[in-house]
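Notes for the one structure printed next.
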Amino acid sequence: GENVEQHPSTLSVQEGDSAVIKCTYSDSASNYFPWYKQELGKRPQLIIDIRSNVGEKKDQRIAVTLNKTAKHFSLHITETQPEDSAVYFCAARLAGNTPLVFGKGTRLSVIA
Amino acid sequence: DVKVTQSSRYLVKRTGEKVFLECVQDMDHENMFWYRQDPGLGLRLIYFSYDVKMKEKGDIPEGYSVSREKKERFSLILESASTNQTSMYLCASSPQTPYGYTFGSGTRLTVV
Chain D
5 GENVEQHPST LSVQEGDSAV IKCTYSDSAS NYFPWYKQEL GKRPQLIIDI RSNVGEKKDQ
65 RIAVTLNKTA KHFSLHITET QPEDSAVYFC AARLAGNTPL VFGKGTRLSV IA
Chain E
92 DVKVTQSSRY LVKRTGEKVF LECVQDMDHE NMFWYRQDPG LGLRLIYFSY DVKMKEKGDI
152 PEGYSVSREK KERFSLILES ASTNQTSMYL CASSPQTPYG YTFGSGTRLT VV
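As structure tokens, this is what we get:
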């Protein structure tokens, strides 16, 4: 089955700097890659996703890139703000109606 | 506009009790999932369902069962609660096509 590795497990950045979180997946048949943000005490919420037929997707200050050859995808947050502090989860999904497989999460702290 | 509702936010149960965790979604999604979330372990899939009366084991089904009698409701059952089942339980739903999940707010279960 699919396996998703996520790095780093914790990340601290200064406000205004960029943050990058990287995930690798094992099954080349995976075709859907969402990212979730979970603020303290709240539910995980989808912030951006990408499908395997696209190399990059951007939404304001966040972007996701996908390298299918290397089987990795990354979340990029620019101009970080204190409200970006949260745990971020990446996930991958095989083709067809299969469950998401999640990475273990990255705790991002943005220091003002 | 809560779309996935978990019946309890916090629960405290005794070892050996039978525990029911309820999840209801109002988005007419076919797929429903139960995950448990533990520090450092990320989100681990317990059970999932693609249709009424259908269920599939996830990665950690031992000690759990599920019920899906109606499309909108997916129940997680701890047959005989144990202290190692103390955790945050997250329910999620999704349509069949590859879109991300919508999560419930979670139930923090403590077994004493």
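Protein sequences appear in the order of chains D and E. Going letter by letter, the first sequence gives residues 5 to 116 in my numbering. Going letter by letter, the second sequence gives residues 92 to 203 in my numbering. Positions of the beta carbon are idealized from the N, C-alpha and C atoms, including for glycine. Small disclaimer: the values here were computed from a predicted structure and weren't measured.
Beta-carbon separation of residue i and residue j under 8 Å?
i	j	result
Asn101/D	Asn122/E	yes
Phe139/E	Pro48/D	no
Thr110/D	Leu15/D	yes
Arg100/E	Thr174/E	no
Ala96/D	Ser34/D	yes
Ser171/E	Lys104/E	no
Val114/D	Val17/D	yes
Ala183/E	Tyr141/E	no
Compute the beta-carbon to beta-carbon distance between residue i and residue j, rounded to the nearest angstrom, for a pair I have assumed lies under 8 Å.
i	j	result
Ile54/D	Lys61/D	5 Å
Grouping DSSP H, G and I as helix and E and B as strand, with all else coil, what is residue i?
i	result
Asn175/E	helix
Glu163/E	coil
Asp88/D	helix
Thr96/E	strand
His11/D	strand
Asp129/E	strand
Ala116/D	coil
Ser30/D	coil
Val103/E	strand
Return the first residue and the last residue of the beta strand (DSSP E) that residue i is part of.
i	result
Tyr190/E	Element bounds for Tyr190/E: n/a, residue is neither H nor E.
Gly109/D	First-last for Gly109/D: undefined, no H or E at that position.
Thr102/D	Note, Thr102/D: premise wrong, no beta strand (DSSP E); not H, not E.
Can you find a CB in chain C that lies within less than 8 Å of the CB of residue i?
i	result
Asp21/D	This model lacks chain C altogether, as its protein chains are D and E.
- Message: For the stretch 108-126 of chain E, list every residue whose C-beta sits within 9 Å of some C-beta in chain D, in sequence order.
- Response: Glu121, Asn122, Phe124, Tyr126
- Listed from N- to C-terminal order along the chain, which residues in the stretch 86-112 of chain D have their beta-carbon within a distance smaller than 7 Å of any beta-carbon of chain E? Phe93, Arg97, Asn101, Pro103, Leu104, Phe106, Gly107, Lys108, Gly109
- Query: According to a CB-to-CB cut-off of less than 9 Å, which residues of the stretch 167-192 of chain E neighbour chain D?
  - Reply: Leu181, Ala183, Ser185, Gln187, Thr188, Pro189, Tyr190, Gly191, Tyr192
- Relative to chain E, which residues along the stretch 46-62 of chain D have a C-beta separation below 8 Å, given in chain order? Lys46, Arg47, Pro48, Gln49, Leu50, Asp53, Arg55
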